[in-house]
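Asks:
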Amino acid sequence: MIGNLVNNALTHTPPGTPVRVKIASGTLIPPGSRGRAGEQAPPHSSPVPAVVLDVEDDGPGMTTEQAQRVFERFYRADQARNRASGGTGLGLAIVDGLVAAHGGTVSVRTAPGQGADFQVRLPLSPDAQIDDLDEDAQPSDL
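The opening residue of the sequence shown carries number 12 in this note's numbering; numbering runs sequentially from there.
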């Protein structure tokens, strides 16, 4: 999952563009427990402890339409790329599937010229030790 996110950033940004990987503690509202738009969420939708992974880049970013489709299988935001020069369009779909299989969420924040921030939230198991994670700590840039 992390490899696919980092590879995606490196593939779709100019050489030398910074890519940051950040890990922190946070919370997650489990998928499927949110209410529909305008409805109150079900009572079992309280946030759970989670690990939060961000892969950020300072690349060209994406349009709103591209960002809405980026987790679809075989979708490539850069239509100029083909399989020989740019992959199959499966990397982010695989990330989405893996994250969903573990009860988490993945999202992207982006805009043209503003880079991209892919954020993964995965629930911690009930017996996970989070004492060592400082919620106020600033993640290190890699």
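A virtual CB, placed ideally from N, CA and C, is assigned to each residue, including glycine.
1) Which class does D128 belong to by DSSP, given the choice of helix, strand or coil?
2) Output the distance between the C-alpha atoms of G37 and R87, rounded to the nearest integer angstrom.
3) Use the C-beta contact count for E67: other C-beta atoms within 10 angstroms, 16 or more gives buried, fewer gives exposed.
4) If V131 and G114 are in contact, beta carbons under 8 Å, what's the gap, nearest whole angstrom?
5) With a threshold of 8 Å on Cβ separation, who are the neighbours of D107 within its own chain once the five nearest residues in sequence on each side are excluded?
6) Shortest alpha-carbon distance to T121 belongs to which of L103, P137, A78, R84?
7) Measure the alpha-carbon distance for P137 versus V62 and round it to whole angstroms.
8) Let me know if G124 comes out buried or exposed under the rule of 16 or more other beta-carbons within 10 Å of its beta-carbon.
Replies: Taking the structure as given:
1) Locating residue 128 in the sequence shown gives position 117, counting from the first residue. Strand, per DSSP.
2) In the sequence shown, residue 37 corresponds to position 26, counting from 1. In the sequence shown, residue 87 corresponds to position 76, counting from 1. Whole-angstrom Cα-Cα distance: 30 Å.
3) Here residue 67 corresponds to residue number 56 of the sequence shown, with the count starting at 1. Counting Cβ neighbours within 10 Å, E67 comes out buried, since at least 16 surround it.
4) In the sequence shown, counting from the first residue as 1, residue 131 sits at position 120. In the sequence shown, counting from the first residue as 1, residue 114 sits at position 103. Between G114 and V131 the Cβ distance is about 12 Å, and since that is not below 8 Å, they are no contact.
5) For this step, residue 107 is matched to residue 96 along the sequence shown. Excluding positions up to five away in sequence, the list reads F82, V117.
6) For the purposes of this step, residue 121 is taken as residue 110 along the sequence shown, with counting starting at 1. Closest by alpha carbon: A78.
7) On the sequence shown, position 126 is the one that residue 137 refers to. On the sequence shown, position 51 is the one that residue 62 refers to. Their backbone Cα atoms lie some 13 Å apart in a straight line.
8) Within the sequence shown, residue 124 is the residue found at index 113, counting from 1. Answer is exposed; the Cβ neighbour count stays below 16.
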